[in-house]
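Residue numbers for the sequence shown follow the working numbering, so the first one is -16 and each next one is one higher. Even for Gly, the Cβ is constructed at its ideal location relative to N, Cα and C. See structure below.
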Amino acid sequence: MNIKTYFFILLIFIPVGIFSQDYSVKGKVYDVNNSPISFANIVLLNTETDAVVTGTSSDDSGNFFIDNIASEKYIIKVSFIGFKDFSKEIEVDKNLDFATIILEEDKEDLEEVTIITKKPTIKKEADRLVFNIANTALSEGNMLEVLKSTPGVLIVDESIIIKHFEPVVYINNRKVHITGDELIQLLEGTPASHIKSIEVITNPPANYDASSGSVLNIIMEKNLITGYKGSVFANYTQGDFPRYNAGIANFYKTDKFNISTNYSFTRSKIDRESDEEINYINNGEIYEKWFSNINRNRWSDSHNLNLNFDYFIDDSNTLSFNSNLLFLPYYKYIAKGEVDVTDNQNNLLYNFNSRNTSRDNKYNLAFDLNYTHKFKNASKLSFNSHYTAYDYDRKQEVLSNYFFPGSPNDSNAFHSKSNQVADIFTVQVDYSLPISETESFSVGVKTSLIENKSDISHFDEVGGNQTYNPANSDAFNYYEDIFAAYVSYAKNWGKWDLSAGFRLEQTNIEGDSPLTNLIDKQDYFKVFPTFNLSSKLTESTSLYVNYNRSVDRPKYQDLNSFKYFLNDNTVVVGNPNLQPAFIDKFVIGTSINDTYTIEAYYNHSIDNFLELPIQDNIDNQLVYTPVNIEKTIEFGFDFSTYFNVTNSWFVYFVTSFYNIQDQVHNADVQLKKDTWSNYSVLSNDFAFLKDRSLTANFTMVYIGKNQQGFQDVKTRLATDLAIKKTVLNNRGTISLSASDLFNTQGYSVTSRYLNQNNRRDFKEPNRYIKLGLSYKLGNSNLETNERIKELKERDRLEK
């Protein structure tokens, strides 16, 4: 689907009268117990025909507001499932304010309706977007499914993306302490029934680590009632190969403590395939062409166990213990390659095949201890300590067979053993003080101590004998200490809101290779300010501006200098000279009617880094290595809207036009490249049946041709369809989903710069059908207090 089609759909739904009419009607909707009713339908009807003229829904506080109303007589009608309708004739000749409208319960309706599902709501704030899903159809799935439906969040190739960057994921403002692939498994194996909202924080305040350029914060419901609740689930997915996962979640509360445990098991086989073409260059001319087909299969079994325990010492003191344990006892990876080598006239010179087999196992254990004290003046002091133990082992075997026309054939074989062990320890203290009802102040300090050790032993096989190869064997020890302090201030006055702060971080890094006696040190002290200012220009329009500075530190493996051979001619190697990237972000935006948002943004990055395939035209190798890009500039314009087309059809649409420019200037290289691109998302949520127990979501994500470093990435279109039905008195859920409906998620990456001339076409395992079942145990009306603790450093662990 092209861009014109998206805009056509958008124009159909935008109300024509947004800039016309004169008066407004507002008020509140409550029940007889003086509790607000959210998502009640409020409509104005024509007094003669009963036709709907305009309408809205009440928010989480029961408030509603309808503007742009012509001066005329109407019937206002307020309705919500389980309550009697409220109707009254009104004359709109000025702005009307219904202080409170009370809805009475309809007992007959309540006997018929056993499931009441609300619609998700979206609230745009200056520094974040809040997506409320509590008690909606989305809460019947898992966390990963919720993120796929969250505005501003993209799930691309098993990665979570916000504004072209991978965010830091928090749960209840506490960092999830696992690596990227483990995070996907955790989210897919965790029920969403306990989620209250998702916060997409594009400008994190100063209490977040400076490396949190953007944050995805999952807010869990707080438990109010003692007792037990839980759920079990199972999913079966059929793609090129089958995979499945299952798990159980339990929660129990008394007056003195909360305890929750989650366990999930995942077994999968994933197939990936790519076609590659490398044109090796000598003196500006192509002298060899390599055409490759590479098939990658991955088998894995993983176990994830999460334990959370809160002890309420008294009304002012709480002690908590949390752990997240991940075990990967079985992991098998086989990559098969078929390569034809020709000259510049496509005459075959020789061909070869390769087989890379590796078997891995790992554990990733995280533990947190947290203490919180509330003072009588409503201020709060919290202390958190964290420890991570990480261990990853890999055994690899590689065999390559070469076939030469008219010459004897040849073969080459080697194997390797590698290991990575990491220990992370952090301590953090935070103090927050509400100065008044409109002012707050917070301050904190944090210390992080990281030690990472890795090694690889390489053995060549010649004539059936194994020979240790010291040139391709190495070890790397990495030490990182971060000392941080922050201060933050927030104030509201009238129509203005301000939040600002700054964070100080001193970073000390040392990396050494014991076998080569090479030592690399980096020490730097930086200030990271953050600023948000918003103003309510009118009742329906707000303007905001924000700025923040962040750092992107290299992963430990990125700095590791030893070589890891995927086959004879493909190598992964770290870069010990890699520098951290510093990013400045500016945003100015406006929100209209809490429905339309327009933003302009500008990002400026120094030493941005990413892994690039660099072809070695002397040794005919493709070397994957992380490199710094001197300067990256990105600017763009975003438009988003979310609204109800009907009472049962909710639409979210966003489109972003942006330009990325990369620059490298030094004595040897003068390189500059920029690309305009677009990404657009159209998400539709539907509810069927009177009790809304049948729901569906259809989402399309368009990612236009874009730039990664100096590589061109071709267009792709992702399509997802999900259908859910609640059964067994709202305790059970059956779901059926399909991904990549039109088989359009494959993409290609091309490098055409300097002496680089290569192309890779990827077929990702995105096309599948999934069947899911879940069932709620115990008292399903309980709300949970699950938490997973914070730590920024753990996501930098790599295999």
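Where residue i falls: helix, strand or coil (DSSP)
i: Tyr539; result: helix
i: Ile418; result: coil
i: Asn360; result: coil
i: Lys319; result: strand
i: Ala372; result: strand
i: Ile167; result: helix
i: Ala454; result: helix
i: Thr325; result: strand
i: Asn190; result: coil
i: Pro391; result: coil
i: Thr513; result: strand
i: Leu711; result: coil
i: Pro596; result: strand
i: Asn347; result: strand
i: Pro312; result: strand
i: Lys77; result: coil
i: Ala23; result: coil
i: Ser518; result: strand
i: Leu724; result: coil
i: Leu672; result: coil
i: Asn560; result: coil
i: Lys107; result: strand
i: Gly761; result: strand
Element boundaries [alpha helix (DSSP H), containing residue i]
i: Lys131; result: 126 to 131
Cα-Cα separation between residue i and residue j, rounded to whole angstroms
i: Asp297; j: Leu308; result: 29 Å
i: Tyr192; j: Tyr585; result: Reading the sequence as shown, one finds Asp at residue 192 and not Tyr. Cα to Cα, Asp192 sits roughly 21 Å from Tyr585.
i: Asn46; j: Leu169; result: 37 Å
i: Asp599; j: Tyr736; result: 14 Å
i: Ser423; j: Val470; result: 11 Å
i: Asp602; j: Asp438; result: 25 Å
i: Leu93; j: Ile85; result: Its pLDDT being 39, under 50, Leu93 is placed unreliably by the model, and the measurement read from it follows with that caveat. Between Leu93 and Ile85, the C-alpha separation is close to 17 Å.
i: Glu463; j: Thr678; result: 49 Å
i: His587; j: Gln489; result: 22 Å
i: Leu247; j: Leu288; result: Correcting the residue identity first, residue 247 is Ser in this sequence and not Leu. Computed Cα separation, rounded: 7 Å.
i: Asn291; j: Asp284; result: 24 Å
i: Asn280; j: Leu605; result: 21 Å
i: Ser195; j: Arg157; result: 12 Å
i: Gly135; j: Gly619; result: 15 Å
i: Tyr153; j: Glu522; result: 33 Å
i: Leu331; j: Gly389; result: 12 Å
i: Phe69; j: Ile58; result: 10 Å
i: Ser299; j: Ile418; result: 19 Å
i: Tyr607; j: Lys315; result: 22 Å
i: Asp14; j: Gly38; result: 20 Å
i: Leu487; j: Ser275; result: 49 Å
i: Asn749; j: Asp723; result: 6 Å
i: Lys753; j: Ile138; result: 16 Å
i: Asn155; j: Thr430; result: 21 Å
Range covered by the beta strand (DSSP E) that runs through residue i
i: Ala483; result: 479 to 496
i: Glu463; result: 457 to 476
i: Lys688; result: Note, Lys688: premise wrong, no beta strand (DSSP E); not H, not E.
i: Val652; result: Where Val652 is concerned, there is no enclosing beta strand (DSSP E), given that its DSSP letter is neither H nor E.
i: Ala53; result: Per DSSP, Ala53 belongs to no beta strand (DSSP E) and is neither H nor E.
i: Glu617; result: 604 to 629
i: Asp33; result: Segment: none, Asp33 is in no beta strand (DSSP E) and carries neither H nor E.
i: Gln694; result: 694 to 696
i: Gly572; result: 564 to 575
i: Thr733; result: 730 to 736
i: Thr553; result: 553 to 556
i: Val152; result: 151 to 154
i: Ile181; result: 178 to 184
i: Val8; result: 6 to 14
**Prompt:** Is the stretch 486 to 500 touching the stretch 564 to 582, taking contact as three or more C-beta pairs under 8 Å?
**Reply:** no
**Asked** Do the stretch 622 to 642 and the stretch 657 to 672 meet, that is, are 3 or more Cβ pairs less than 8 Å apart?
**Response** yes
**Message:** So, does the stretch 541 to 551 touch the stretch 474 to 489, judging by three or more C-beta pairs under 8 Å?
**Reply:** no
**Request:** Spell out a yes or no on whether the stretch 554 to 565 and the stretch 516 to 526 are touching, meaning 3 or more CB-CB pairs, one atom from each, closer than 8 Å.
**Result:** no
**Asked** Is the stretch 355 to 372 touching the stretch 407 to 420 in the sense that three or more CB pairs, one from each, lie closer than 8 Å?
**Response** yes
**Asked** Can you list the alpha helix (DSSP H) stretches of 4 or more residues lying completely in the stretch 202 to 276, in chain order?
**Response** none
**the stretch 642 to 649 contacting the stretch 606 to 618, beta-carbon criterion three pairs below 8 Å** = yes
**Asked** Would you call the stretch 394 to 402 and the stretch 436 to 454 touching, i.e. three or more CB-CB distances under 8 Å?
**Response** yes
**Message:** Three or more C-beta pairs under 8 Å: does that hold for the stretch 625 to 635 against the stretch 720 to 730?
**Reply:** no
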